[in-house]
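Protein sequences appear in the order of chains A and B.
Quick note, in numbering that gives the first Met the number 0, the first sequence goes up one by one and the last residue is 135.
Quick note, in numbering that gives the first Met the number 0, the second sequence goes up one by one and the last residue is 135.
Some notes on the structure that comes next.
There are 2 protein chains.
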Amino acid sequence: MTAAQPTGNEQIADKLKFNEKGLIPAIAQQHDSGEILMMAWMNRDAVIETLDTGRVCYFSRSRGKLWRKGESSGQIQNLVDFRYDCDQDCVLVQVDQIGVACHTGRRNCFYFAARDGKEVVISQPEVSTEELYGKK
Amino acid sequence: MTAAQPTGNEQIADKLKFNEKGLIPAIAQQHDSGEILMMAWMNRDAVIETLDTGRVCYFSRSRGKLWRKGESSGQIQNLVDFRYDCDQDCVLVQVDQIGVACHTGRRNCFYFAARDGKEVVISQPEVSTEELYGKK
């Protein structure tokens, strides 16, 4: 028997340059509006699962395991296009975000702005964290 | 004499969480179109210089020094808004990109796409690297 041939998605993962911890940064962008939703990290398995399933999967550095975005909150990200950059060391996932991307209940995570030397909060939660993570 | 008070921009930098190498990832987005141009890294000095000058400055990991985007190519990024995320560990600079962002001469760096298990190049250079970096 010969060894199994790598799948196309495995070959894509092999093109990417993961850092010394086996991770690559991944930017999530809402595919139609262009809004940047969040930045998180993927390992090789997360890249392959994302490509195989069409649902975005990250690697949680705090929990040390695969993080299927939305698995506890229902706020999933359906993959529209998977891109990477000239150095192959950053991923851009263009997605259709169901609900909100941020754990605070905001649509996106980038809600702090530096303006005239001061921190300004530029968006508010659309849903409560109880609604996202509480009893159902 | 009392110690100098930190400036507002220094206080912003102190809110950010730099990694063990003193760096934070920074996503550059064209402010009006929403196009994601590139991802690079900033150290504390780069954050402060960006905020102080309104011209985006990164930290070059390969050269080990501040990288004033466009200093050799002329393809500068004028800062429109400086944002950061809920965990304070990722920066989003919304910019007005003069010319192209990518060293290959493409408008943005994310020109590889994974489609049906294959790598596809989805954009072409708009200017030659000779034009960007050659003799002037």
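By construction, the Cβ of each residue, glycine as well, lies at the ideal position given by its N, Cα and C atoms.
(1) Look up residue 74 of chain A in the DSSP assignment and give the residues it is bridged to.
(2) Just tell me which of B:16, B:40, B:15, B:17 has its CA closest to the CA of residue 26 of chain B.
(3) Would you call the stretch 54–71 of chain A and the stretch 11–21 of chain B in contact, with 3 or more CB pairs under 8 Å?
(4) Return the residues of the stretch 6–34 of chain A that lie within a Cβ-Cβ distance of less than 8 Å from chain B, sorted by chain order.
(5) Rounded to whole angstroms, what's the CA-CA distance from residue 33 of chain B to residue 94 of chain B? Just pull it up for me.
(6) Note down, one range per segment and in chain order, each beta strand (DSSP E) of at least 3 residues found wholly within the stretch 78–132 of chain B.
(7) Quick one: what does DSSP say residue 10 of chain B is sitting in, helix, strand or coil?
(8) List the residues of chain B whose Cβ lies closer than 8 Å to the Cβ of residue 82 of chain A, in chain order.
(9) Chain A partners of residue 101 of chain B, CB-CB under 7 Å?
(10) Taking only the alpha-carbon atoms, compute the straight-line gap between residue 66 of chain A and residue 42 of chain B and give it to the nearest angstrom.
(11) Please list, in chain order, all residues of the same chain as residue 44 of chain B whose beta carbon is under 7 Å from its beta carbon, the five residues on each side excluded.
(12) Is DSSP giving residue 53 of chain A helix, strand or coil here?
(13) By the 7 Å beta-carbon criterion, what residues does the stretch 51–77 of chain B contribute toward chain A?
(14) Does the beta-carbon of residue 104 of chain A have 16 or more other beta-carbons within 10 angstroms, so that it is buried, or is it exposed?
(15) Under the rule that 16 or more other beta-carbon atoms within 10 Å means buried, what is residue 69 of chain B, buried or exposed?
(16) Residues in its own chain within less than 6 Å of residue 119 of chain B by CB, not counting five upstream and five downstream?
(17) Nearest by alpha-carbon distance to residue 37 of chain B: which of A:87, A:18, A:21 is it?
(18) Please check the pair residue 74 of chain B and residue 99 of chain B, which I expect to be a contact at CB under 8 Å, by giving their CB distance rounded to whole angstroms.
(19) Three-state secondary structure (DSSP) at residue 45 of chain A?
(20) Which partner residues of residue 24 of chain B appear in the DSSP bridge assignment?
(21) Mapping the DSSP letters down to three states, classify residue 61 of chain A as helix, strand or coil.
(22) In terms of alpha-carbon separation, which member of B:35, B:3, B:15 lies closest to residue 110 of chain B?
(23) Tell me the DSSP secondary structure of residue 29 of chain A in three-state form.
(24) With a cut-off of 8 Å, does the C-beta of residue 118 of chain A fall near any C-beta of chain C?
Based on what the coordinates show:
(1) Along the first sequence, read from residue 1 onward, the residue named residue 74 of chain A stands at position 75. Residue 74 of chain A is not bridged to any residue.
(2) Translated into positions along the second sequence, residue 26 of chain B becomes position 27. Of the listed residues, the one whose Cα sits closest to residue 26 of chain B is B:40.
(3) no
(4) 6, 7, 8, 10, 11, 14, 24, 26, 28, 32, 33, 34
(5) Sequence index remark: in the second sequence, residue 33 of chain B carries index 34 (1-based). Sequence index remark: in the second sequence, residue 94 of chain B carries index 95 (1-based). If I take the Cα positions, the gap works out to 10 Å.
(6) 90–96, 111–114, 117–120
(7) By 1-based counting over the second sequence, the position of residue 10 of chain B is 11. Of the three classes helix, strand and coil, the one that applies to residue 10 of chain B here is helix, per DSSP.
(8) Start at 1 with the first residue of the first sequence, and residue 82 of chain A comes out as number 83. Near residue 82 of chain A (Cβ distances below 8 Å), the residues of chain B are 109, 110, 111, 112, 113, 121.
(9) Residue numbering aside, residue 101 of chain B sits at position 102 when the second sequence is read from its first letter. Simply 85.
(10) Your numbering for residue 66 of chain A matches position 67 in the first sequence. Your numbering for residue 42 of chain B matches position 43 in the second sequence. Rounded to whole angstroms, residue 66 of chain A to residue 42 of chain B spans 28 Å at the Cα level.
(11) Along the second sequence, read from residue 1 onward, the residue named residue 44 of chain B stands at position 45. 65, listed in sequence order.
(12) Taking the first residue of the first sequence as 1, we reach residue 53 of chain A at position 54. It is coil, neither helix nor strand.
(13) none
(14) For this step, residue 104 of chain A is matched to residue 105 along the first sequence. Classification for residue 104 of chain A: buried.
(15) Counting from one through the second sequence, the residue named residue 69 of chain B turns up at place 70. Classification of residue 69 of chain B: buried, given that the 10 Å Cβ count is 16 or more.
(16) Along the second sequence, one-based indexing puts residue 119 of chain B at 120. If we look at residue 119 of chain B and ignore the five residues flanking it on each side, its Cβ neighbours are 112.
(17) What you label residue 37 of chain B is simply residue 38 of the second sequence in a count that begins at 1. Of A:87, A:18, A:21, the residue nearest in Cα terms is A:87.
(18) Position 75 of the second sequence, counted from the start, is the residue given in the question as residue 74 of chain B. Position 100 of the second sequence, counted from the start, is the residue given in the question as residue 99 of chain B. Contact holds; Cβ gap of about 6 Å.
(19) The residue labelled residue 45 of chain A in the question sits at position 46 within the first sequence. Three-state DSSP puts residue 45 of chain A in a helix.
(20) Within the second sequence, numbered from 1, the residue matching residue 24 of chain B stands at position 25. Looking at the DSSP assignment, residue 24 of chain B forms a beta bridge with B:40.
(21) The residue labelled residue 61 of chain A in the question sits at position 62 within the first sequence. Residue 61 of chain A: coil per DSSP, three-state reduction.
(22) Position 111 of the second sequence, counted from the first residue, corresponds to residue 110 of chain B. Among B:35, B:3, B:15, the Cα nearest to that of residue 110 of chain B is on B:35.
(23) Here residue 29 of chain A is taken as the residue at index 30 of the first sequence, counted from 1. Three-state DSSP puts residue 29 of chain A in a strand.
(24) Within the model displayed, chain C is absent; protein chains A and B are what it includes.
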